[in-house]
Amino acid sequence: MIVRHEPWGAWVKLESTAAIVAIDHDGVRALGLDAPHVDGPSAPIEVHMAVTSRCGAGCKGCYLDATPDGVEPPREQLIDALDAMRDAGVFTVAFGGGEPTTRADIAELAEEARARGITPVLTTSGIGLTAAKIDRLRAFAQVNVSYDGAGAEYASVRGYDGARSAESAISALAAAGVRVGVNVVLTRATFGALARTLSHARSLGACEAQLLRYKPAGRAASLDYLAQRLDAAQARALGPTLRALAAELSPDGAFPIRIDCALVPFLSADPGIDAAALARFGVFGCEAAGALAAFTVNGVVAPCSFAAPTRLRSRDLGEHARDADLARWRAYVDAPPEPCASCSIRAVCKGGCKVVATFAGAHGPDPECPRVVAHREASR
Amino acid sequence: MSERTIDRDERVSEDSVRAVRVGHGANCSSVGSVIDTLFATAAIGSAVLAMVAAALASEPVRVVGAKRDEDDPKKEPP
Numbered sequence: 001m002i003v004r005h006e007p008w009g010a011w012v013k014l015e016s017t018a019a020i021v022a023i024d025h026d027g028v029r030a031l032g033l034d035a036p037h038v039d040g041p042s043a044p045i046e047v048h049m050a051v052t053s054r055c056g057a058g059c060k061g062c063y064l065d066a067t068p069d070g071v072e073p074p075r076e077q078l079i080d081a082l083d084a085m086r087d088a089g090v091f092t093v094a095f096g097g098g099e100p101t102t103r104a105d106i107a108e109l110a111e112e113a114r115a116r117g118i119t120p121v122l123t124t125s126g127i128g129l130t131a132a133k134i135d136r137l138r139a140f141a142q143v144n145v146s147y148d149g150a151g152a153e154y155a156s157v158r159g160y161d162g163a164r165s166a167e168s169a170i171s172a173l174a175a176a177g178v179r180v181g182v183n184v185v186l187t188r189a190t191f192g193a194l195a196r197t198l199s200h201a202r203s204l205g206a207c208e209a210q211l212l213r214y215k216p217a218g219r220a221a222s223l224d225y226l227a228q229r230l231d232a233a234q235a236r237a238l239g240p241t242l243r244a245l246a247a248e249l250s251p252d253g254a255f256p257i258r259i260d261c262a263l264v265p266f267l268s269a270d271p272g273i274d275a276a277a278l279a280r281f282g283v284f285g286c287e288a289a290g291a292l293a294a295f296t297v298n299g300v301v302a303p304c305s306f307a308a309p310t311r312l313r314s315r316d317l318g319e320h321a322r323d324a325d326l327a328r329w330r331a332y333v334d335a336p337p338e339p340c341a342s343c344s345i346r347a348v349c350k351g352g353c354k355v356v357a358t359f360a361g362a363h364g365p366d367p368e369c370p371r372v373v374a375h376r377e378a379s380r
Numbered sequence: 001m002s003e004r005t006i007d008r009d010e011r012v013s014e015d016s017v018r019a020v021r022v023g024h025g026a027n028c029s030s031v032g033s034v035i036d037t038l039f040a041t042a043a044i045g046s047a048v049l050a051m052v053a054a055a056l057a058s059e060p061v062r063v064v065g066a067k068r069d070e071d072d073p074k075k076e077p078p
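Chains A and B, in that order, are what the protein sequence lines are.
Reminder that position 111 of the first sequence reads as 111 in this note's numbering, one-by-one numbering, no gaps.
Reminder that position 66 of the second sequence reads as 66 in this note's numbering, one-by-one numbering, no gaps.
Right, here's the structure in full:
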């Protein structure tokens with residue numbers, strides 16, 4: 001196991017099973033370790049690193065605005081970044097872009113991460129995934145393929161029908177023994193087809209699904225976002241929908257369903273959600289500038305992949321705690337205004353998605369959170 | 001980073017486990033968390049905790065991260 005001391009105890013990354021555990025000071029001592037005095041804020045435990053902004057898919061909502069002639073940072077920059085992650089005690093690095101499989105050295109980069117005790121994972125569109133590329137992906141602990149649904153659903157999110165390519169990629173990766181999951185973007189159009197989408201992904205060999213909120217960043221930061229995002233009823237229905245999906249597709253926990261940080265505020269509308277259980281099972285709301293950081297292709301740190309970059313260089317991640325821009329993000333999370341302040345899931349949710357809030361006009365409570373919507377309507 | 005195998009006389013108690021994040025996830029743009037365990041039977045939740053307890057009791061320990069030297073006992077886990 002890999003232990004990283006924290007002010008409240010330690011994060012522990014297990015190696016015999018894929019899990020990260022938070023333990024208190026007594027737990028640290030039970031491991032036979034001293035529980036040293038440490039000061040926060042902590043470095044991230046997960047980094048999302050854009051290894052290219054090159055991509056030919058042309059998704060209309062690409063958060064990075066990737067293009068076929070995008071930037072491919074030199075390998076040395078990425079090695080320096082991995083060194084900084086190792087020194088800071090980062091547990092997981094997610095390679096993305098752009099299309100990360102366009103890099104010829106992607107397998108070597110994964111091995112470099114492993115050599116530093118960091119678990120490498122990767123996201124791909126699956127387009128153009130040749131046998132040679134699949135072979136390179138064996139170096140990753142897991143590969144997720146973007147798959148928003150069959151045919152029309154996929155096209156509604158991406159602007160072209162790439163569902164067949166994604167489905168082929170899922171099957172081929174699974175057949176090659178690569179642990180493969182799917183990323184499903186939730187929009188007004190894909191939400192209703194979710195059960196069918198996940199069921200089909202599972203039948204193709206996917207081992208888990210991650211549901212992603214559509215976010216107004218990159219090419220998606222336009223008026224079209226307002227037509228794509230979940231409507232208010234769908235946002236309120238997320239909790240019951242997840243409950244039904246879990247019962248139907250993963251009654252034994254064999255097909256894990258994940259939600260991303262930005263979907264957590266929608267759970268505030270579900271009276272059946274147990275806030276203590278959310279915390280117990282390590283659900284992360286907005287961890288931008290906290291447990292999460294993003295590295296851009298230009299080698300700088302951002303609070304998350306959708307947020308504007310800071311001036312902190314990736315190789316200087318050790319200065320994460322002292323960066324003023326990152327500190328401002330954490331400060332909001334530590335003391336949000338109402339209605340977040342009195343919300344039962346505040347400690348997990350942390351105020352919802354700041355990228356959505358900023359798009360709507362202010363770095364404040366998530367304007368699409370059902371609780372925030374109700375609060376604002378009651379205040380009028 | 002330091003690595004050592006430690007003879008452990010005691011096990012990490014369940015009460016000391018503040019949070020368990022299962023799986024790797026593999027999304028490069030936002031951080032994901034397994035949610036179906038919240039809706040699963042108590043038996044599945046117990047199985048997850050048992051698996052974690054067994055790993056905590058048996059795996060060798062490596063310590064990573066920058067050394068920090070002040071304490072703020074009020075800080076809570078994320």
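Ideal Cβ placement from N, Cα and C applies to all residues, glycine included.
The beta strand (DSSP E) that contains residue i, what's its start and end?
i                      : result
residue 124 of chain A : 119 to 124
residue 283 of chain A : That residue, residue 283 of chain A, is in no beta strand (DSSP E); it is neither H nor E in DSSP.
residue 62 of chain B  : 61 to 64
Looking at the C-beta of residue i, does it have a partner C-beta in chain B at a distance below 8 Å?
i                      : result
residue 79 of chain A  : no
residue 261 of chain A : yes
residue 332 of chain A : no
residue 137 of chain A : no
residue 250 of chain A : yes
residue 21 of chain A  : yes
residue 284 of chain A : yes
residue 266 of chain A : no
residue 257 of chain A : yes
residue 234 of chain A : no
residue 381 of chain A : Because chain A is modelled from 1 through 380, residue 381 of chain A falls outside the range shown and cannot be assessed.
residue 361 of chain A : no
residue 17 of chain A  : yes
residue 71 of chain A  : no
residue 85 of chain A  : no
residue 228 of chain A : no
residue 385 of chain A : The displayed coordinates of chain A run from 1 to 380. Any statement about residue 385 of chain A would go beyond what the structure contains.
residue 172 of chain A : no
residue 2 of chain A   : yes
residue 99 of chain A  : no
residue 274 of chain A : yes
Residue i lies in the alpha helix (DSSP H); which residues open and close that run?
i                      : result
residue 208 of chain A : Per DSSP, residue 208 of chain A belongs to no alpha helix (DSSP H); it is in the beta strand (DSSP E), 208 to 213.
residue 10 of chain B  : No alpha helix (DSSP H) holds residue 10 of chain B; DSSP gives it neither H nor E.
residue 146 of chain A : Run containing residue 146 of chain A: none in the alpha helix (DSSP H); it sits in the beta strand (DSSP E), 142 to 146.
residue 241 of chain A : 238 to 249
residue 196 of chain A : 194 to 204
residue 376 of chain A : 370 to 379
residue 21 of chain B  : From DSSP, residue 21 of chain B is part of no alpha helix (DSSP H) but of the beta strand (DSSP E) over 17 to 22.
residue 418 of chain A : It is not possible to answer for residue 418 of chain A, since the shown part of chain A is limited to 1 through 380.
residue 106 of chain A : 106 to 115
residue 385 of chain A : Not covered by the structure: residue 385 of chain A. The range shown for chain A is 1 to 380.
residue 223 of chain A : No alpha helix (DSSP H) contains residue 223 of chain A, which DSSP labels as neither H nor E.
residue 62 of chain A  : Premise fails: residue 62 of chain A is in no alpha helix (DSSP H) and is neither H nor E.
residue 128 of chain A : Note, residue 128 of chain A: premise wrong, no alpha helix (DSSP H); not H, not E.
residue 173 of chain A : 163 to 175
Where DSSP assigns a beta bridge to residue i, which residues make up the other side?
i                      : result
residue 11 of chain A  : A:4 and A:22
residue 228 of chain A : DSSP output for residue 228 of chain A lists no bridge partner at all.
residue 31 of chain A  : Answer is none; residue 31 of chain A lacks a bridge partner.
residue 186 of chain A : A:213
residue 32 of chain B  : A:260
residue 67 of chain A  : A:54
residue 302 of chain A : A:294
residue 95 of chain A  : A:49 and A:122
residue 315 of chain A : Note: residue 315 of chain A sits in no beta bridge, so no partner.
residue 180 of chain A : A:143
Between residue i and the ligand ZN, is there a pair consisting of the residue's CB and a ligand heavy atom that are separated by less than 7 Å?
i                     : result
residue 58 of chain A : In the structure on display, the ligand ZN does not appear, and there are no ligands present to speak of.
Using a Cβ-Cβ cut-off of 8 Å, state whether residue i counts as contacting chain A.
i                     : result
residue 46 of chain B : no
residue 69 of chain B : Reliability fails at residue 69 of chain B, whose pLDDT of 47 lies under 50, so the model's placement of it is uncertain and the value that follows must be treated cautiously. It does; some Cβ of chain A falls within 8 Å.
residue 42 of chain B : no
residue 26 of chain B : yes
residue 72 of chain B : Summary for residue 72 of chain B: the model assigns pLDDT 43, below 50, so the residue's position carries little reliability; its value from the coordinates is reported in the next sentence. Answer yes: the Cβ-Cβ gap between residue 72 of chain B and chain A drops below 8 Å somewhere.
residue 50 of chain B : no
Looking at the C-beta of residue i, does it have a partner C-beta in chain E at a distance below 8 Å?
i                     : result
residue 94 of chain A : Although the question refers to chain E, the structure presented lacks it and instead comprises the protein chains A and B.
Could you list the residues in the stretch 290 to 322 of chain A with a C-beta less than 9 Å from some C-beta on chain B, going in chain order? 290, 291, 292, 294, 304, 305, 306, 318 and 321
Should the stretch 341 to 361 of chain A be called in touch with the stretch 264 to 271 of chain A, which here means at least 3 C-beta pairs below 8 Å? yes
Stretch pair the stretch 95 to 114 of chain A + the stretch 66 to 83 of chain A: three plus CB contacts closer than 8 Å: Touching, yes, given that three or more Cβ pairs across the two stretches are closer than 8 Å.
Where the stretch 142 to 158 of chain A meets chain B: residues whose CB sits under 7 Å from a CB there: Across the stretch 142 to 158 of chain A, CB contacts with chain B closer than 7 Å involve 142, 143 and 144, in sequence order along the chain.
Do the stretch 316 to 329 of chain A and the stretch 281 to 296 of chain A make contact, defined as three or more Cβ pairs closer than 8 Å? yes
How do the stretch 166 to 181 of chain A and the stretch 217 to 235 of chain A stand: do at least 3 beta-carbon pairs fall below 8 Å, yes or no? Per the Cβ contact rule, the stretch 166 to 181 of chain A is not in contact with the stretch 217 to 235 of chain A (fewer than 3 Cβ pairs under 8 Å).
Within the chosen definition, does the stretch 199 to 216 of chain A reach the stretch 333 to 348 of chain A through at least 3 CB pairs nearer than 8 Å? no
Is the stretch 235 to 247 of chain A touching the stretch 9 to 17 of chain B in the sense that three or more CB pairs, one from each, lie closer than 8 Å? no
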